[in-house]
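In this note's numbering, each number is its position in the sequence shown, counted from 1, plus 204. Glycine included, each C-beta is placed from N, C-alpha and C at the ideal position. In what follows, a single structure is set out as structure tokens and then discussed.
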Amino acid sequence: MSTAIQQTHTDVLATMPEDDLNRVMRRAQESLGRLRREGGSKGMIRLAEEEMCYVYREGEIRNRRRAAHARWLMSRRQPMARG
205 MSTAIQQTHT
215 DVLATMPEDD
225 LNRVMRRAQE
235 SLGRLRREGG
245 SKGMIRLAEE
255 EMCYVYREGE
265 IRNRRRAAHA
275 RWLMSRRQPM
285 ARG
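Right, dumping it as structure tokens:
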């Protein structure tokens with residue numbers, strides 16, 4: 205069994221296109237599943253779990269930023285009160 209865990213630096217994750225981020229998440233999930241099925245070492249499993257956590261967190265940050273931006277856009281569309 206030779207499952208290499210490729211960890212991605214958080215600065216790279218932050219600037220990565222959405223498609224690439226999804227690809228990295230899928231790769232991390234597959235690696236973790238393979239390690240668990242094939243009885244990988246605790247160290248390798250932990251590295252795979254850490255990678256998933258970092259990628260998942262970046263996805264959460266983007267989703268919150270997207271939602272906040274959508275709310276801001278909606279607030280800009282409402283007519284301003286005249287006083």
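If you draw a straight line from the alpha carbon of residue i to that of residue j, how long is it in whole angstroms?
i	j	result
E262	Q282	31 Å
Q210	M278	40 Å
I265	W276	16 Å
R280	A271	14 Å
A252	R231	10 Å
T212	A274	29 Å
Of all the options the options, which has the alpha carbon lying nearest to the alpha carbon of residue i?
i	options	result
A208	C257, E222, T219, R250	R250
S235	E254, R268, L217, E222	E254
T214	R269, Y258, N267	Y258
M256	D223, T219, R238, Q233	Q233
Apart from the five residues on each side of it in sequence, which residues of its chain come closer than 8 Å, Cβ to Cβ, to residue i?
i	result
R240	I249
E222	R266
Just to confirm my understanding: we take residue i, look at its own chain, exclude 5 residues before and 5 after, and list those with CB closer than 6 Å. What are they?
i	result
M229	V259
Skipping 5 residues on each side, what residues in its chain have a beta carbon closer than 7 Å to that of residue i?
i	result
L225	L217, V259, E262, G263
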